[in-house]
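Undergrad: Chains D and G, in that order, are what the protein sequence lines are.
In the numbering used here, each residue carries its 1-based index in the first sequence increased by 1.
In the numbering used here, each residue carries its 1-based index in the second sequence increased by 2.
Idealized CB from N, CA, C, for every residue including glycine.
Computed from a predicted model, the values in this text were never measured in an experiment.
Take this structure, written in structure tokens, and hold onto it; I'll ask about it next.
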Amino acid sequence: MTNQATTLRRLTVGLLATGLLLAGCGGEDATDTATGDATTDTAAPDADTDAATASDTGGESTGDPADGSSDGESLRFAMILPGPIQDADYNAIAYEGLAGLEADYGIATEYSEQVAVADAERVAREYITDGVDVIGLHGGQFLTIATDLAAEFPDTTFVAESSGPMDAQPDNVWNIAREFAPGFYVQGALAGLMTETNTVAFLGGIDIPDYKASANAMFAGARSVAPEVELLFNFTGDQNDAVVARQSADALINEGADVLVLGLNNGIYGVAESSAAAADPALMTSSFTDKVTVAPDTFLVSTLWDFEGAFGQAIEGIQAGEASGVIPHEPGVGPDHPGRTAQRPRRRGDPGHRPVGPGRRRRGRRARQDRRGRRPLMS
Amino acid sequence: MDFLLDLVDADMLRTTLVVATPLLLAALGELLLERVGLLNLAIEGMVGVGAAMGFCVVFVAGRTVPTVLLAIAAAALSAILIGVVFGWLTLHLQANQITVGLALLILGLGASSLLYRGVVGVTTTPPSIGTLPLWRIPGLSEIPYLGRVLFQHDLFVYVGLSTLLPVWWVLHRTPLGLRLRAVGESPKAVDALGLPLARLRWSALVAGCALIGIAGSFFPLSLVGGYSDDIASGRGWLALMLVIFGRWRPWTIAAGALLFAYVEALQFQFGVTSKAIPPQFLRMLPYVLAIIVLVRVYGRAQAPAALTKPYDRESRF
């Protein structure tokens with residue numbers, strides 16, 4: 002690859018990266034997102050603002066009957082996380098979202114991290130016994146536990162994630178219906194446009210339906226722009242084991258893949274190293290958090306996932322007295338959460354602003370925003 | 003024919019050496035411990051602490067030659083610290099080695115996570131330190147095929163793999179090695195001969211733990227360039243198994259480490275080229291191989307006779 006070609010490639014990458022995120026946010030958000038470089042944004046500055054807002058709104062919301070809590074105290078929300086909060090990935094985004102949820106909805110939050118599936122029911126029961134009103138379970142692996150506990154504890158509300166809408170949803174479960182695949186379709190199209198060897202690859206960790214669907218979507222995306230492109234895939238068996246990810250990426254690069262679409266979490270470190278050590282480095286894409294800093298020269302783009310917004314919609318519904326609902330969670334329908342997209346929060350008077358409801362207008366910045374995606378989503 | 007070419011692919015063999023390095027280092031460390039009669043089940047925790055320490059030092063101080071050396075030293079020291087607790091409890095207080103080892107395993111895994119969180123904190127931007135630059139050996143690295151496989155690594159790989167030689171030489175070619183091996187077979191005999199039993203055991207313990215800690219630092223510094231909890235993903239346990247697999251001998255341990263890394267890399271190569279075999283089956287292969295080889299060799303394997311047995315000078319047997 003010559004220098005000129007590299008420069009051209011980088012330029013295309015930049016343009017496509019912006020384009021991808023626009024696609025990810027969808028519709029009228031496009032103009033807002035274009036002003037900020039979403040791929041390099043972190044939630045850190047936003048978290049500070051959240052903390053400040055928390056002190057403003059905490060007093061106001063106490064005793065507000067709209068809280069949905071009978072004893073006059075603020076709603077208690079507990080999140081169960083499958084991994085460590087410092088993973089800079091799936092668990093970190095949920096943890097960082099808790100501060101925003103406190104600020105926006107005047108709730109009290111707590112969390113348990115590194116909860117294995119076998120422990121999740123015990124942890125959830127402890128929260129319920131302790132008087133927690135809402136339990137959020139961050140991960141599709143906890144779905145059965147949420148369904149079982151929901152039947153046993155009708156006074157507690159659960160927020161459960163699943164691949165697409167869950168079957169047989171209980172009356173006290175809010176369902177975050179994750180659709181990772183559409184994000185991978187766009188990444189696939191990007192991969193199809195970027196490949197020079199006409200070979201692109203999907204590398205996943207555990208082959209759960211979410212990632213099988215993602216691989217298929219990625220292939221469809223690649224074929225949509227490059228009908229003749231050759232497609233490779235593999236699953237390492239572990240989302241976070243960077244060593245097997247490196248070995249697996251070596252094999253894919255060996256087979257001629259020069260763009261790798263990654264369905265991995267911390268395994269991406271190994272892929273970045275594999276690409277760096279290869280004779281001709283491969284390009285990569287990833288999901289959840291911004292991984293571009295890991296290998297700025299070879300990382301094309303990250304699709305950012307906003308769980309704070311999804312859980313926020315559930316909390317808002319619960320505070321409004323709705324014990325269950327479905328929140329489609331996919332690119333283009335989620336709320337436009339500023340921590341993820343670097344856009345200015347909408348204020349009253351802005352185009353697209355829509356007051357959420359009486360009594361809630363003063364509670365937090367995000368509550369003032371238009372929740373455009375929410376309207377068709379409630380069940 | 004493609005199938006056969008896959009078996010000897012240069013890039014795959016190259017990665018095999020890289021992946022085998024931490025396995026070999028940790029297994030040699032464990033070998034030193036077991037040869038003096040200490041079964042260290044905390045090895046996975048020590049590897050984790052070494053990895054976290056190695057990452058954190060470079061993350062804080064930047065990646066320069068002195069800081070990388072400092073990171074490796076810090077990783078070794080942190081594992082030695084756990085080893086000292088292990089030695090004090092098992093040698094001095096004669097506690098059960100398996101119980102103490104498992105307790106320290108959990109401590110080590112927790113401590114590595116805590117250390118990383120203390121230094122790096124919670125962020126949504128994954129921190130990366132990059133890996134060490136490759137050191138292409140002039141001349142040799144130009145050899146087609148062999149140059150790519152053997153002579154295009156970073157310094158850590160060269161030094162790590164060649165650790166085999168001093169460990170083998172000391173254990174099997176020096177009087178010190180003979181004494182160390184004797185400690186693992188019959189501490190009473192060593193004691194009766196007036197040899198410094200405690201000093202022999204402690205020196206093997208410190209050296210072995212240092213190697214295990216360094217093996218841990220290899221993951222962030224040379225293999226992955228980042229850190230995540232459970233970064234070794236059971237490779238400490240694999241090293242423990244390799245010691246048995248290698249029948250407590252350095253060269254066979256090295257062969258085992260290479261074989262494992264090779265089969266692991268091979269299954270990914272097959273996973274890409276052949277979709278006829280389910281990936282779950284391929285991922286199982288290294289472990290199936292382990293069981294087959296263990297069944298084959300274990301009958302003849304002789305563990306050090308005093309392994310896990312507390313030694314009390316006052317006892318009659």
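Take every Cβ of the segment 33-42 of chain G, pair it with every Cβ of the segment 205-212 of chain G, and state whether three or more of those distances are shorter than 8 Å.
TA: The segment 33-42 of chain G, when compared against the segment 205-212 of chain G, does touch it at the 8 Å Cβ threshold.
Undergrad: Do the segment 112-129 of chain G and the segment 185-195 of chain G touch if we need at least three Cβ pairs shorter than 8 Å?
TA: Contact between the segment 112-129 of chain G and the segment 185-195 of chain G is absent, because fewer than three Cβ pairs lie under 8 Å.
Undergrad: Kindly list the residues whose CB is nearer than 7 Å to the CB of Asp242(D), restricted to its own chain and excluding five residues on each side of it in sequence; keep chain order.
TA: Excluding sequence neighbours, Asp242(D) sits near Gly268.
Undergrad: Taking the alpha helix (DSSP H) that Pro297(D) falls in, what are its first and last residues?
TA: Looking at the DSSP string, Pro297(D) is not in any alpha helix (DSSP H), and its letter there is neither H nor E.
Undergrad: Just how far apart, CA to CA, sit Thr69(G) and Ala63(G)?
TA: C-alpha separation (whole angstroms): 6 Å.
Undergrad: Do Gln170(D) and Met219(D) have their C-beta atoms within less than 7 Å of each other?
TA: Not closer than 7 Å, so no.
Undergrad: Would DSSP call Ala305(G) helix, strand or coil?
TA: Coil.
Undergrad: Can you name the residues of chain D whose CB is closer than 7 Å to the CB of Ser114(G)?
TA: Neighbours of Ser114(G) on chain D: none; closest Cβ ~11 Å, over 7 Å.
Undergrad: Given a cut-off of 7 Å, decide if Gly52(G) and Gly218(G) are closer than it, judged by their beta-carbon atoms.
TA: Contact: yes.
Undergrad: Work out the CA separation of Thr158(D) and Gln154(G) for me, nearest whole Å.
TA: Near 57 Å, if we compare the C-alpha coordinates of Thr158(D) and Gln154(G).
Undergrad: Looking at chain D, which residues of the segment 248-277 of chain G have a Cβ within less than 7 Å of any of its Cβ atoms?
TA: Listed by position, the residues of the segment 248-277 of chain G near chain D (Cβ gap below 7 Å) are Glu266, Ala267, Phe270, Gln271, Gly273, Val274 and Thr275.
Undergrad: Assuming Leu82(D) contacts Glu114(D) under a Cβ cut-off of 8 Å, what Cβ separation, rounded to an integer in Å, is found between them?
TA: That belief holds up - the Cβ atoms of Leu82(D) and Glu114(D) are roughly 4 Å apart, short of 8 Å.
Undergrad: Shortest alpha-carbon distance to Pro222(G) belongs to which of Pro252(G), Thr23(G) and Pro306(G)?
TA: Here the closest residue by C-alpha is Thr23(G).
Undergrad: Kindly list the residues whose CB is nearer than 7 Å to the CB of Leu27(G), restricted to its own chain and excluding five residues on each side of it in sequence; keep chain order.
TA: Result list for Leu27(G): Gly162, Thr165, Leu213, Ile216, Ala217 and Phe220, in chain order.
Undergrad: Is Ile209(D) helix, strand or coil when you go by DSSP?
TA: Note: Ile209(D) maps to coil in three-state DSSP.
Undergrad: Roughly how many angstroms lie between the CA atoms of Val295(G) and Asn217(D), to the nearest whole one?
TA: So the alpha carbons of these two residues sit roughly 39 Å apart.
Undergrad: Taking the DSSP output, what are the residues bridged to Thr110(D)?
TA: BP columns for Thr110(D) point to Phe78(D).
Undergrad: Let me know if Glu180(D) comes out buried or exposed under the rule of 16 or more other beta-carbons within 10 Å of its beta-carbon.
TA: Looking at its Cβ environment, which holds 16 or more other Cβ atoms inside 10 Å, Glu180(D) is buried.
Undergrad: Starting from the N-terminal side, write out each stretch of the alpha helix (DSSP H) that is 4 residues or longer and does not extend beyond the segment 66-120 of chain G.
TA: Listed in chain order, they are 67-89.
Undergrad: Identify whether Leu284(D) lies in helix, strand or coil by the three-state DSSP scheme.
TA: Three-state result, Leu284(D): strand.
Undergrad: Quick one, which residues of the segment 224-258 of chain D are near chain G if we go by CB-CB under 9 Å, in chain order?
TA: Listed by position along the chain: Leu233, Phe234, Asn235, Phe236, Thr237, Gly238, Asp239, Asn241, Asp242, Ala243, Val244, Val245, Ala246, Arg247, Gln248, Ser249, Ala250, Asp251, Ala252, Leu253, Ile254, Asn255, Glu256 and Ala258.
Undergrad: Is it buried or exposed for Ser71(D), if we count other Cβ within 10 angstroms and need 16 for buried?
TA: Bear in mind that the predicted position of Ser71(D) carries a pLDDT of just 46, short of 50, making it unreliable; the figure below should be weighed with that in mind. When all chains shown are included, Ser71(D) counts as exposed.
Undergrad: CB-CB under 8 Å to Pro183(D), same chain, minus the five flanking residues each way: which ones, in chain order?
TA: Cβ within range, chain order: Ala218, Glu331, Pro332 and Gly333.
Undergrad: Below 8 Å on the Cβ atoms is my guess for Ser230(G) versus Leu134(G); work out the distance and round it to an integer in Å.
TA: Ser230(G) to Leu134(G), Cβ: 19 Å. No contact.
Undergrad: Can you check which of these residues, Leu261(G), Arg249(G), Leu268(G) and Met243(G), is closest to Val245(D) by C-alpha distance?
TA: Closest by alpha carbon: Leu268(G).
Undergrad: Between the alpha carbons of His94(G) and Gly228(G), how many angstroms are there, rounded?
TA: The alpha-carbon atoms of His94(G) and Gly228(G) are separated by roughly 38 Å.
Undergrad: Report the neighbours of Lys292(D) on chain G: residues whose CB is nearer than 7 Å to its CB, in chain order.
TA: The answer, in chain order, is Pro128.
Undergrad: Have a look at Asn92(D) and Ile139(G) and give me their C-alpha separation to the nearest angstrom.
TA: If I take the Cα positions, the gap works out to 42 Å.
Undergrad: Per DSSP, Arg179(D) forms a beta bridge with which residues?
TA: Ser164(D) and His330(D).
Undergrad: Report buried or exposed for Thr34(D), applying the criterion of at least 16 other Cβ atoms within 10 angstroms of its Cβ.
TA: Residue confidence is low: Thr34(D) scores 32 on pLDDT, short of 50, so the model does not pin down where it sits. Its coordinate-derived value is still stated next. Counting Cβ neighbours within 10 Å, Thr34(D) comes out buried, since at least 16 surround it.
Undergrad: How do the segment 8-23 of chain G and the segment 78-94 of chain G stand: do at least 3 beta-carbon pairs fall below 8 Å, yes or no?
TA: The answer is no - the segment 78-94 of chain G does not touch the segment 8-23 of chain G, with fewer than three Cβ pairs under 8 Å.
Undergrad: Could you work out which residues of chain G lie near Val116(D), taking near to mean beta carbons separated by less than 8 Å?
TA: Correct list: empty, because the minimum Cβ distance to chain G is about 14 Å.
Undergrad: My output table needs one value for Ile319(D): the three-state DSSP class, helix, strand or coil.
TA: Looking at Ile319(D) - three-state DSSP - the assignment turns out to be helix.
Undergrad: Buried or exposed: Gln271(G), going by 16 or more other Cβ atoms within 10 Å of its Cβ?
TA: Buried, by the Cβ-count rule.
Undergrad: Please list, in chain order, all residues of the same chain as Glu274(D) whose beta carbon is under 6 Å from its beta carbon, the five residues on each side excluded.
TA: Cβ within range, chain order: Arg247.
Undergrad: Using a Cβ-Cβ distance cut-off of 7 Å, determine whether Pro281(G) contacts chain D.
TA: Cβ-Cβ to chain D under 7 Å: yes for Pro281(G).
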